[in-house]
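For the sequence shown, UniProt numbering begins at 1 and goes up steadily by one. Quick reminder that beta carbons are idealized off the backbone N, C-alpha and C, glycines included. In this text the structure is predicted, and so the values were computed from the model without any measurement. Please read the structure below before turning to the comments.
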Amino acid sequence: MEHFPTLTETVAALRRGETTSEALTSDALDRIDALNGHLGAFVHVARDAALASARAADERLSAGQRPADAVRGGTGRASDAPGGLTTLPALLGVPTALKDGHDVAGMPTSWGSLASRDEHGDLARAQRSDELSGTLEAAGAVILGKTQVPEFLLNSYSENRMYPAARNPFALDCSPGGSSGGQAAAVAAGILPGAIGSDGGGSVRIPAAACGLIGLKPNRGRVPSSDALSNVGQLGVNGPIARTAEDAALLMDVLCRTPGHDRIPRPVAAAPENSFRDVVRAAHRGDTLWGERPLRIGVTTQSPFDGTYDVQVSPEARTALERGVRQLEDLGHTVEAVDLGFDPAYPEAFSALWTTATGQLPLDGREHLLTGLARTFRARSLQRGAVELADAVAVLRGIEADVIRRFADLDMVLTPALAMPPRPVGWFHEGYDIADPAGADQDYERQCQYTPWTSVVNVVGLPAITYPTTWAVPATGDYPGPVPMGVQLIGGPSSEARLLALVAQLDPATTPRAHLVA
Numbered sequence: 001m002e003h004f005p006t007l008t009e010t011v012a013a014l015r016r017g018e019t020t021s022e023a024l025t026s027d028a029l030d031r032i033d034a035l036n037g038h039l040g041a042f043v044h045v046a047r048d049a050a051l052a053s054a055r056a057a058d059e060r061l062s063a064g065q066r067p068a069d070a071v072r073g074g075t076g077r078a079s080d081a082p083g084g085l086t087t088l089p090a091l092l093g094v095p096t097a098l099k100d101g102h103d104v105a106g107m108p109t110s111w112g113s114l115a116s117r118d119e120h121g122d123l124a125r126a127q128r129s130d131e132l133s134g135t136l137e138a139a140g141a142v143i144l145g146k147t148q149v150p151e152f153l154l155n156s157y158s159e160n161r162m163y164p165a166a167r168n169p170f171a172l173d174c175s176p177g178g179s180s181g182g183q184a185a186a187v188a189a190g191i192l193p194g195a196i197g198s199d200g201g202g203s204v205r206i207p208a209a210a211c212g213l214i215g216l217k218p219n220r221g222r223v224p225s226s227d228a229l230s231n232v233g234q235l236g237v238n239g240p241i242a243r244t245a246e247d248a249a250l251l252m253d254v255l256c257r258t259p260g261h262d263r264i265p266r267p268v269a270a271a272p273e274n275s276f277r278d279v280v281r282a283a284h285r286g287d288t289l290w291g292e293r294p295l296r297i298g299v300t301t302q303s304p305f306d307g308t309y310d311v312q313v314s315p316e317a318r319t320a321l322e323r324g325v326r327q328l329e330d331l332g333h334t335v336e337a338v339d340l341g342f343d344p345a346y347p348e349a350f351s352a353l354w355t356t357a358t359g360q361l362p363l364d365g366r367e368h369l370l371t372g373l374a375r376t377f378r379a380r381s382l383q384r385g386a387v388e389l390a391d392a393v394a395v396l397r398g399i400e401a402d403v404i405r406r407f408a409d410l411d412m413v414l415t416p417a418l419a420m421p422p423r424p425v426g427w428f429h430e431g432y433d434i435a436d437p438a439g440a441d442q443d444y445e446r447q448c449q450y451t452p453w454t455s456v457v458n459v460v461g462l463p464a465i466t467y468p469t470t471w472a473v474p475a476t477g478d479y480p481g482p483v484p485m486g487v488q489l490i491g492g493p494s495s496e497a498r499l500l501a502l503v504a505q506l507d508p509a510t511t512p513r514a515h516l517v518a
């Protein structure tokens, strides 16, 4: 099996001078050329800008690899790191990408929508980078381009009318999930060593789970919020997609150092005393945040959509959950069934809030260019009154308070990550053209059936992490080989460090297998 270097290994190799950013960037661009025709992960590649950024990073790395005394008075500053080397940005020289819902100066942003084009069919190029892009640039990352998303980031799969569908590296007929599907596909296929996505209803955790990766949704307020669309009702937050817990921790450290964010008082979401990466490294040595006390972990397959849709937990999802329970019990933790008793009003209330942003889009009579789902969401949002929306928000805030109260006696709750194995491309709108509004209700229902446990975490604002526990060929469907299935751990308030530390102890069982496309 081919080994793809982790993000941590990539950073270390750059710092030791074993490789260069230009070499890594060139390799990543070559992989895009070789794989993207059937993977569909990238929708825009900024080759020249990426190589120029890589060369600039190599100059800084070369200076940083010399003793600090040799560069004082220049651009470097002394570090407290062993050897007295200059302090370097955390991701200096590392190739990565942004999903196509974030602005990067000089690159087009389509949001996966034909409606983003002007009257000449062109996409405007961003004049400046948005907050997340600026954070990655400040951390020294080399941004290769933009990755595929569903239209306006609304779906748990990454298909639209604009570009070819993103596909799962482990089963090319299947979706990598969404809305950060292009990001996850690129990491799983070895193009990127790690990436950051946005999560408004599961958009980091779903594609991470479908692609055999680790996906972390941070606590509300821990890091700057995600894109404006996903953040309606404070649902959205940026989070890492990574191969290991240490890689996810490194990306969390970068997110928490967004310029200006650390100056905002956030008492509920205060960062751990040490960096997230320090916590994970300590966990690898057996030094955990919970000491000798075993964690009390609830386990459930209940979802807030059960009474509205026919949510069926597939045999593969049950096997993954059972394996997750055994792993936690083998570490000495207590795992017990829990009844979360979700309010039956949740599905309607969540749908009302989730679709609100589509009604605020300045589409100027271009609704006919939307997918059927986005067009339907927009029409319903425009028909919804302020009182109805306020009632929906009140229902969701009540659910938030109730779920958090239940964590008084629990450290975490374990659920399946997905209810089924990765779905075939086109399955959600099966029988309908993706532009046909007649298929919208089936599309949304199937998304809820596929991912019934993720959106409620955004509503409640708690952190959650997904990670693979099994690899198997599903009993039904046409799969070329094993696909990943995993679990979701929902933590108590501000418990990202604890979630990462726990998953770090499971790393040998959660390392993704080599992809199947090259």
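Asked: Residue of Y467, D58 and R326 minimising C-alpha distance to T19; Found: D58
Asked: Contact check, residue 557 vs G181, beta carbons under 8 Å; Found: This structure cannot speak to residue 557, because the chain is shown only from 1 to 518.
Asked: Stretch pair the stretch 362 to 371 + the stretch 328 to 340: three plus CB contacts closer than 8 Å; Found: no
Asked: Complete runs of the beta strand (DSSP E) confined to the stretch 186 to 231 [at least 3 residues]; Found: 195 to 199 and 214 to 217
Asked: Neighbour-count burial assignment, G93, 16 or more Cβ in a 10 Å radius; Found: buried
Asked: For A401, the three-state DSSP class (helix, strand or coil); Found: helix
Asked: Cβ-Cβ distance between residue 524 and E388 below 8 Å; Found: Residue 524 is absent from the structure shown; the chain starts at 1 and stops at 518.
Asked: Own chain residues within Cβ distance below 6 Å of L114, not counting five before or after; Found: R161, M162 and L369
Asked: Own chain residues within Cβ distance below 6 Å of P421, not counting five before or after; Found: E316, P474 and V483
Asked: Three-way DSSP call (helix, strand, coil) for E59 in this model; Found: helix
Asked: Distance CB(R31)-CB(I191) smaller than 8 Å; Found: yes
Asked: Residue range of the unbroken alpha helix (DSSP H) whose run includes I32; Found: S21 to L39
Asked: Sequence-distant residues of its chain with Cβ nearer than 7 Å to A504 (five each side left out); Found: A245, E246, V280, A283 and H284
Asked: Straight-line Cα distance separating E22 from I206; Found: 32 Å
Asked: Closest Cα partner of W427 within the set V338, C256, G491 and S175; Found: S175
Asked: Own chain partners of G141 with C-beta closer than 6 Å, once the 5 adjacent residues on each side are dropped; Found: It is Ala, not Gly, that sits at residue 141 in the sequence shown. If we look at A141 and ignore the five residues flanking it on each side, its Cβ neighbours are L91, V94 and T96.
Asked: Boundaries (first-last residue) of the beta strand (DSSP E) holding E336; Found: T334 to A337
Asked: Residues that Y467 bridges to, as DSSP identifies them; Found: V487
Asked: Three-state secondary structure assigned by DSSP to L144; Found: strand
Asked: Coil, strand or helix - V45 by DSSP; Found: strand
Asked: Range covered by the beta strand (DSSP E) that runs through G239; Found: V237 to A242
Asked: Bridge partner(s) assigned by DSSP for L331; Found: In the DSSP output, where bridge partners are listed per residue, L331 has none listed.
Asked: A97: first and last residue of the uninterrupted beta strand (DSSP E) it sits in; Found: P95 to K99
Asked: Distance between T87 and R77 (C-alpha atoms, nearest Å); Found: Summary for R77: the model assigns pLDDT 35, below 50, so the residue's position carries little reliability, and this model does not support an answer.
Asked: Boundaries (first-last residue) of the beta strand (DSSP E) holding R498; Found: Run containing R498: none in the beta strand (DSSP E); it sits in the alpha helix (DSSP H), E496 to A504.
Asked: Nearest neighbour of S156, chosen from G201, P304 and A349 [CA to CA]; Found: G201
Asked: Exposure label - T470; buried when at least 16 CB within 10 Å; Found: buried
Asked: Where P347 falls: helix, strand or coil (DSSP); Found: helix
Asked: Inter-residue spacing [alpha-carbon to alpha-carbon] between Q449 and L462; Found: 22 Å
Asked: V459 beta carbon less than 8 Å from that of L396; Found: yes
Asked: Where the alpha helix (DSSP H) through V11 begins and ends; Found: L7 to R15
Asked: For P240, the nearest candidate out of I297, P218 and R257 (CA to CA); Found: P218
Asked: Buried versus exposed, by CB contacts within 10 Å (16 or more), D69; Found: Bear in mind that the predicted position of D69 carries a pLDDT of just 39, short of 50, making it unreliable; the figure below should be weighed with that in mind. Its Cβ having fewer than 16 others within 10 Å, D69 is exposed.
Asked: Segment limits, beta strand (DSSP E) that includes V413; Found: M412 to P416
Asked: Own chain residues within Cβ distance below 7 Å of V393, not counting five before or after; Found: G233 and L353
Asked: Neighbourhood of R323 by C-beta, 7 Å cutoff - its chain only, sequence neighbours within 5 removed; Found: T469 and T470
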